[in-house]
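To keep things clear, I will list the structure first and then write my remarks on it.
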Amino acid sequence: LEMLRALAQHARVLVRPRALHSLVMGPAVTTRPQQPGATTLYPWRALSTRATRPSTRAKGPWGRAPILDKAALMAIAEKATTQLDMIVPAIASTGGVGIVRKRGYDGLKRWNPTSPGQRHRITIDKSHLWKGDSLKTLTVGICKSGGRNNQGVVTTWWRGGGNKRKYRLIDFKRNTRLDEPAVVERLEYDPNRSAHIALIRYKSDNAPAYILAPQGLYPGATVISASVDNAETFDIAPGNCLTMSKLPTGVLIHNLEIRPGSGGQLCRSAGNGASLLAHMDDGYCLVRLPSGETRKLLAKCRATIGEVSNAPWKNRVLGKAGASRWVGKRPHVRGVAMNPVDHPHGGGNGKTAGGRPSVTPWGWPTKGGYKTRTSKKYSQRLIEREGPRAYVCAAANSDFDPVAIDLVVFFSRLPCLCEGTVLVAVADAWPMRFRPSPRAFEAR
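The sequence shown begins at 320 in the working numbering and counts up one residue at a time.
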């Protein structure tokens with residue numbers, strides 16, 4: 320409540336009482352004695368100037384939430400002002416958008432059914448993003464390929480058209496200006512990717528750069544790309560970039576490098592994030608990717624802390640066929656509707672079933688999980704395919720004590736608890752509390 324009072328005072332945001340229900344937790348601040356036996360009211364009732372009335376939604380023995388008068392509210396806001404001098408100007412620059420949301424807000428925008436195409440249309444809410452154009456010095460033109468290669472031959476079907484785009488130059492490497500803090504100026508929409516991007520400016524010379532915006536990053540925040548020697552002096556905060564050898568286990572990361580200095584190539588789409596499972600003794604780190612694959616990466620590779628922003632991207636609904644054409648997707652033609660010269664399923668009189676098991680236009684099987692990956696690929700030795708065994712090896716090669724290793728072995732027997740972050744976090748914190756044997760824990 321104190322934080323929100325100060326936000327409302329400094330950012331001059333109209334804080335509606337019902338909008339705070341999902342943000343305020345715990346009992347309201349009291350200035351009057353509670354009335355025993357009355358029904359419990361939500362904490363947002365403390366913002367109201369009307370008389371309290373019973374709530375039919377929540378009942379309990381805690382009593383009725385009292386009303387705060389204007390003098391009490393101003394006193395709380397003045398007390399919290401000293402704690403928010405750093406973050407309030409940043410929030411005020413955005414107009415308060417994205418700070419106070421109504422109940423049930425999920426980051427999506429639902430359209431009124433003024434036409435059949437809009438009836439089921441669901442898009443991403445972009446009200447908190449920058450409304451103007453992108454920075455001209457970091458924007459270049461881009462030409463569409465239409466699915467053709469350099470010889471004009473169609474190599475990817477069902478592509479073409481779509482709205483024109485401008486490409487934003489994103490700094491995926493984050494290794495050119497180490498140990499230099501930068502301030503986030505604004506969050507922007509990028510038509511070339513599902514995630515949002517952030518425009519940052521370095522404090523030393525005000526040089527601009529675009530980076531992927533992680534979840535929780537706001538205008539006015541400070542991000543930094545730390546070197547190996549000074550990594551311990553910086554916080555583990557969203558947007559900071561460090562080498563994976565300096566990151567704690569269990570942290571969520573994105574924009575991972577496969578080779579040191581090559582730039583981030585993994586976990587760059589909206590809502591994605593990898594889990595750092597353990598630090599190995601052979602110079603590698605064990606990482607669990609969003610696909611469920613457990614992979615070893617060099618500890619010298621860099622990664623950015625946090626999950627990628629715009630997680631509601633997967634819940635959008637286009638609503639009509641024209642929305643697919645806007646993004647450059649053409650209609651997908653089935654193989655059985657083609658001629659024999661175009662597809663193995665083509666030809667025949669009338670409707671046919673293809674006459675053979677489903678294959679690609681080049682004859683490769685498409686059903687049953689047909690494996691096409693070669694066993695001699697250079698990265699084959701870096702992939703741990705079996706999850707539980709990978710976790711046990713990670714614990715055995717790290718600084719965990721034997722009790723934690725036994726606990727990881729126990730958790731690996733449960734398929735529902737084989738999430739890497741949970742295992743490492745529990746195994747790391749377990750010896751500090753009490754140490755029952757895995758057999759006793761299993762009996763419990």
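Beta carbons: idealized from backbone N, C-alpha and C, even for Gly.
Exposure of lysine 450, with buried meaning 16 or more beta-carbon neighbours within 10 Å: The count along the sequence shown starts at 1 and reaches residue 450 at position 131. Counting Cβ neighbours within 10 Å, lysine 450 comes out exposed, since fewer than 16 surround it.
Backbone CA spacing between glycine 647 and asparagine 482 [nearest angstrom]: Here residue 647 refers to the residue found at position 328 when the sequence shown is read from its first residue. Here residue 482 refers to the residue found at position 163 when the sequence shown is read from its first residue. Their backbone Cα atoms lie some 7 Å apart in a straight line.
Spatial neighbours of arginine 635 in its chain, beta-carbon cut-off 8 Å, leaving aside the 5 residues before and after: If you number the sequence shown from 1, residue 635 lands on position 316. Excluding its 5 nearest sequence neighbours in each direction, arginine 635 has C-beta neighbours in its own chain below 8 Å: Leu427, Ile441, Thr442, Ile443, listed in chain order.
Beta-carbon gap between lysine 492 and glycine 558 smaller than 8 Å: Here residue 492 refers to the residue found at position 173 when the sequence shown is read from its first residue. Here residue 558 refers to the residue found at position 239 when the sequence shown is read from its first residue. No.
Beta-carbon proximity check, arginine 487 vs isoleucine 530, cutoff 8 Å: Here residue 487 is taken as the residue at index 168 of the sequence shown, counted from 1. Here residue 530 is taken as the residue at index 211 of the sequence shown, counted from 1. No, the pair does not count as a contact, with Cβ atoms beyond the cut-off.
Reduced DSSP category for glycine 654 - H, G, I as helix; E, B as strand; rest coil: Position 335 of the sequence shown, counting from 1, holds the residue named residue 654. Residue state, collapsed to three classes: helix.
Under the three-state DSSP convention, the category glutamate 551 falls into: Residue 551 sits at position 232 when you count from the first residue of the sequence shown. Shown here, glutamate 551 sits in a helix according to DSSP, grouped into three states.
Glycine 680, buried or exposed, once every other Cβ within 10 Å from all chains shown has been counted against 16: Working through the sequence shown from its first residue, we reach residue 680 at position 361. The sequence given here places proline at residue 680; glycine does not occur at that position. Classification of proline 680: exposed, given that the 10 Å Cβ count is below 16.
Beta-bridge partners of isoleucine 543, as assigned by DSSP: Taking the first residue of the sequence shown as position 1, residue 543 is located at position 224. The partner list for isoleucine 543 (beta bridge, DSSP) is empty, contrary to what the question assumes.
Helix, strand or coil at leucine 742 [DSSP, three-state]: Along the sequence shown, read from residue 1 onward, the residue named residue 742 stands at position 423. Below a pLDDT of 50, predicted positions are generally treated as unreliable, and leucine 742, at 39, falls in that range; the measurement from the model is reported next regardless. The answer is helix: DSSP assigns leucine 742 an H, G or I state.
Status (buried if at least 16 other CB within 10 Å, exposed otherwise) for serine 544: Taking the first residue of the sequence shown as position 1, residue 544 is located at position 225. It is buried - the Cβ of serine 544 has at least 16 other Cβ atoms within 10 Å.
Buried or exposed (CB count within 10 angstroms, at least 16 for buried), arginine 700: Indexing the sequence shown from 1 puts residue 700 at position 381. With fewer than 16 other Cβ atoms within 10 Å, it is exposed.
7 Å Cβ shell around glycine 465 - same chain, five flanking residues per side excluded: For the purposes of this step, residue 465 is taken as residue 146 along the sequence shown, with counting starting at 1. Arg478, Gly479, listed in sequence order.
CB of asparagine 668 within 8 Å of CB of valine 627, strictly: Here residue 668 refers to the residue found at position 349 of the sequence shown. Here residue 627 refers to the residue found at position 308 of the sequence shown. Valine 627 is positioned such that its CB atom lies no closer than 8 Å to that of asparagine 668.
Terminal residues of the alpha helix (DSSP H) in which serine 643 lies: By one-based count along the sequence shown, residue 643 stands at place 324. Segment 640–645, the alpha helix (DSSP H) holding serine 643.
For alanine 630, the three-state DSSP class (helix, strand or coil): What you label residue 630 is simply residue 311 of the sequence shown in a count that begins at 1. Looking at alanine 630 - three-state DSSP - the assignment turns out to be helix.
One or two residues paired with glutamate 703 in a DSSP bridge: Taking the first residue of the sequence shown as 1, we reach residue 703 at position 384. Beta-bridge pairing links glutamate 703 to Thr613.
Neighbourhood of alanine 656 by C-beta distance below 8 Å, restricted to the same chain and skipping five residues each side: Translated into the one-based positions of the sequence shown, residue 656 becomes position 337. So the list reads Gly665, once near-sequence residues are dropped.
Best match in Thr495, Ile461, Pro500 for proximity to arginine 484 [C-alpha to C-alpha]: Reading the sequence shown from its first residue, position 165 is the one you call residue 484. Among Thr495, Ile461, Pro500, the Cα nearest to that of arginine 484 belongs to Ile461.
For tyrosine 424 and isoleucine 555, the rounded distance between their alpha carbons: By one-based count along the sequence shown, residue 555 stands at place 236. By one-based count along the sequence shown, residue 424 stands at place 105. Between isoleucine 555 and tyrosine 424, the C-alpha separation is close to 27 Å.
Helix, strand or coil at lysine 565 [DSSP, three-state]: The sequence position of residue 565 within the sequence shown is 246, counting from 1. If DSSP states are grouped into helix, strand and coil, lysine 565 belongs with the helices.
Euclidean distance between Cα positions of lysine 445 and aspartate 452: Residue numbering aside, residue 445 sits at position 126 when the sequence shown is read from its first letter. Residue numbering aside, residue 452 sits at position 133 when the sequence shown is read from its first letter. If you take the alpha carbons of lysine 445 and aspartate 452, they lie about 14 Å apart.
Per DSSP, the bridge partner or partners of leucine 531: Sequence index remark: in the sequence shown, residue 531 carries index 212 (1-based). Looking at the DSSP output, leucine 531 bridges to Ile516.
Residues that DSSP places opposite lysine 428 in a beta bridge: Residue 428 sits at position 109 when you count from the first residue of the sequence shown. DSSP lists Thr442 as partners of lysine 428.
6 Å Cβ shell around proline 721 - same chain, five flanking residues per side excluded: Taking the sequence shown and counting its residues from 1, one reaches residue 721 at position 402. Bear in mind that the predicted position of proline 721 carries a pLDDT of just 43, short of 50, making it unreliable; the figure below should be weighed with that in mind. Answer for proline 721: no residue qualifies.
Buried/exposed call for proline 676, threshold 16 Cβ in 10 Å: Position 357 of the sequence shown, counting from 1, holds the residue named residue 676. Proline 676 counts as exposed, since fewer than 16 other C-beta atoms from the protein chains shown sit within 10 angstroms of its C-beta.
Residues of its chain near proline 631, where Cβ-Cβ distance is below 7 Å and the 5 sequence neighbours each way are ignored: Here residue 631 is taken as the residue at index 312 of the sequence shown, counted from 1. Hits under 7 Å: Asp425, Gly426, Leu427, Ile443.
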